[in-house]
Structure formats: structure tokens, C-alpha cells
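Visitor: Pasting a structure below so you can have a look.
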């Protein structure tokens, strides 16, 4: 195993560019599992489980709540659960330490904003499915995303009996209509100017990496998450000097034969692997 770690560190050190692809497995390594009916879910969202029957955070994100008061009770509580810490987790700190001095770009389907919290600059970050701390008009009346920290924090603090006070429920500053968290849970998801700018920055990074020493560092991306996985594997296959490094657990660790010779896979706890890599750096 130590030989694999040394090889990973060498590839990162020699890389002209690093693309980090991250999904739910990275969040799980921090202790957040949006697909699980675990102890955290039952403790924090147990009343929603009892009242509505859904068994995970992700199911709650797609649940058709009967009122705005109930909808915002859930989403503000989710916001608070993701971001109650004032600082980044040890997992995210270690990841940042591993790549901070390199030319990198992050593409992620995680909505918890933990990358920016850990010091990853927004101009090097593409959050494909949005971010739990931002708001948008549910009708998409305008190309505008709004910061939601203040109102989400208040709603998380002041909710009672699974509802938030009516006077705290946000409305669109432009049309006066209902709002929602800017995450991709329906067809209303707004790919606004900032989303388009991040997408273009991601494409530009790939374009500038052609022919160079490239590391594709995939963290906790499940086999079904082709939104992130497929482009990284395709790029690995196409680029002569590319190396595909994937950290995951069990059956989720997948390396196709076509890129096996250019790949390094570690089956294990991402938190422990990142800690070991930073200690050996």
C-alpha cells in the first residue's frame, strides 16, 4: 500500500494539472450521508421521517411538502446540518493541503459547499448541482442567484413543530413568487450566469491540459454517477500523459480495462487515505 501512496504523491507532484472529481463518497468520509437512514438522520430529521415517511436527506430534497412553512423547515435544517461547523472538516483540510500548491480544478455534485469552506477558490470550482446556501426563484423569472445564509440560519433557529414562521419565508425580489434552494431537485434548477461561468472555466481547464501531465483525482464518485465519472475516464483514455486516481470503497471502486494501465485505485476510507497522503507528503 505504501508503494501506491508514494506513486500517487509522485504523480500529483509531477502533474501540470489536476482535476478533482468529487461526489457523495467524499461527504460520507466526512460523516455526512445523504442517502442513509442513519443515527444523524433520525436525530436531526426524525420528525420529518415520522410525519412524511421519507428515510434520507436525499428523499427529503425531492419530497413535495404540503406547505412553504414545512418545505423551508426541512431545507433550512439541512443547510444547518451541512454547515453548522465554523471550519472545514479534517477531510477537506487534508484534501486542500494535498493540492493547494498545484494547478487544480474541482468538479463536484456535492451541494454542501464544503470545498469553498476549506479554501478552494470559487474560480476553480464547478458545482454541477448547485449549492445549499444559495436561493433562486422557483419560477426562474430572472437569471439571478441570491445568497441565503442569513434567512436559512434564522429559519433553522426559529422553526417549531416542523414549520418556520411565515414572515421568514423568502420570496423572489424580482417577481414576488416562491423561492427554493439552488440545488438540482427539479426542472426549475437555474443554470445562471455564475453556473455557466463555472462550467466554462472547467472546460477551459480541460482544454489547456491537453498534451500535458494530467491527474484525474476521483473521490467517492459512485459507479452510477456518470455525470462526473464518464468525462474523467474519457479524458484519461484520450490523454497520453494522464493518470486516473480513484479513492472509493468496495464495489464503488471501478476502473475499466481500457484505462487500467494508467490508473491507481485505493479501496478504503477516503478520510484515512487523505490523512496518510498528507502525512507522507
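In the UniProt record's numbering, the protein residues as written are 1 to 281.
Even for Gly, the Cβ is constructed at its ideal location relative to N, Cα and C.
Output the residue ranges of the alpha helix (DSSP H) runs that lie fully inside the segment 39 to 122 and measure 4 residues or longer, sorted by chain position.
Guide: Listed in chain order, they are 39 to 52, 57 to 61, 68 to 83, 90 to 99, 114 to 117.
Visitor: With distances taken Cα to Cα, identify the nearest neighbour of residue 157 among 251, 79, 195.
Guide: Of 251, 79, 195, the residue nearest in Cα terms is 79.
Visitor: What is the rounded straight-line gap between the Cα of residue 9 and the Cα of residue 281?
Guide: Cα to Cα, residue 9 sits roughly 7 angstroms from residue 281.
Visitor: Would you mind listing the beta strand (DSSP E) stretches within the segment 133 to 180 that are 3+ residues and don't spill past its ends, in chain order?
Guide: Listed in chain order, nothing qualifies, since the segment 133 to 180 has no complete beta strand (DSSP E) run of 3 or more residues.
Visitor: Any idea what DSSP makes of residue 250, helix, strand or coil?
Guide: In the structure shown, residue 250 sits in a helix (DSSP, three-state: H, G or I).
Visitor: Figure out for me which residue from 35, 7, 6, 14 has the closest Cα to the Cα of residue 222.
Guide: Closest option to residue 222, Cα to Cα, is 35.
Visitor: Determine, using beta carbons only, whether residue 107 and residue 128 come nearer to each other than 8 angstroms.
Guide: Taking 8 angstroms as the Cβ cut-off, residue 107 and residue 128 qualify as a contacting pair.
Visitor: Given this structure, state the Cα-to-Cα distance separating residue 232 from residue 252, to the nearest angstrom.
Guide: Cα to Cα, the separation comes out at about 16 angstroms.
Visitor: Let me make sure I understand the geometry here. Which of 95, 118, 248, 63 has the alpha-carbon closest to that of residue 88?
Guide: Cα-wise, what sits closest to residue 88 is 118.
Visitor: Quick check: residue 23 and residue 110, are their CB atoms within less than 8 angstroms of each other?
Guide: Yes, Cβ-Cβ distance for residue 23 and residue 110 is below 8 angstroms.
Visitor: Assuming residue 45 and residue 31 form a contact by the criterion Cβ under 8 angstroms, report the distance between their Cβ atoms to the nearest whole angstrom.
Guide: Between residue 31 and residue 45 the Cβ distance is about 15 angstroms, and since that is not below 8 angstroms, they are no contact.
Visitor: Rounded to the nearest angstrom, what separates residue 276 and residue 6 at their Cα positions?
Guide: If I take the Cα positions, the gap works out to 10 angstroms.
Visitor: From the DSSP output, read off the bridge partner residues of residue 125.
Guide: Answer is 106, bridged to residue 125.
Visitor: Less than 7 angstroms between C-beta atoms, sequence neighbours within five positions excluded: which residues of the same chain meet that for residue 266?
Guide: If we look at residue 266 and ignore the five residues flanking it on each side, its Cβ neighbours are 4, 247, 273.
Visitor: Below 7 angstroms, is the gap between the Cβ of residue 40 and the nearest heavy atom of the ligand NAP?
Guide: Ligands displayed in this structure: none; no statement on the ligand NAP is therefore possible.
Visitor: Put residue 267 into one of helix, strand or coil per three-state DSSP.
Guide: The answer is strand: DSSP assigns residue 267 an E or B state.
Visitor: Using 8 angstroms as the threshold, is the C-beta distance between residue 243 and residue 212 below it?
Guide: Their beta carbons are not under 8 angstroms apart, which means residue 243 does not touch residue 212 by this criterion.
Visitor: Just checking my contact of residue 17 with residue 214 at CB under 8 angstroms: how many whole Å lie between their CB atoms?
Guide: Yes, residue 17 and residue 214 are in contact; Cβ-Cβ is about 5 angstroms, under 8 angstroms.
Visitor: How would you call residue 150, buried or exposed, if buried means at least 16 neighbouring beta carbons within 10 angstroms?
Guide: Residue 150 is exposed by the Cβ-count criterion.
Visitor: Alpha carbons only, please: which of 225, 113, 53 is nearest the one belonging to residue 183?
Guide: Out of 225, 113, 53, 113 has the C-alpha closest to the C-alpha of residue 183.
Visitor: Report yes if the CB atom of residue 226 is closer than 8 angstroms to the CB atom of residue 179, and no otherwise.
Guide: For residue 226 and residue 179, no; Cβs fall outside 8 angstroms.
Visitor: With DSSP run on the structure shown, which of helix, strand or coil describes residue 185?
Guide: If DSSP states are grouped into helix, strand and coil, residue 185 belongs with coil.
Visitor: How is the alpha helix (DSSP H) around residue 2 delimited, first residue to last?
Guide: Segment 2 to 14, the alpha helix (DSSP H) holding residue 2.
Visitor: Bridge partners for residue 17 per DSSP, in chain order?
Guide: DSSP output for residue 17 lists 214 as bridge partner(s).
Visitor: Which of the three DSSP states is assigned to residue 277 in this structure?
Guide: In this structure, residue 277 counts as helix in the three-state DSSP scheme.
Visitor: So, do the segment 162 to 175 and the segment 63 to 76 have three or more beta carbon pairs nearer to each other than 8 angstroms?
Guide: Yes, the segment 162 to 175 touches the segment 63 to 76.
Visitor: Between the alpha carbons of residue 62 and residue 189, how many angstroms are there, rounded?
Guide: Their backbone Cα atoms lie some 13 angstroms apart in a straight line.
Visitor: Closer than 8 angstroms by C-beta to residue 67: which residues in its own chain qualify, once you throw out the five before and the five after it? Chain order, please.
Guide: If we look at residue 67 and ignore the five residues flanking it on each side, its Cβ neighbours are 163.
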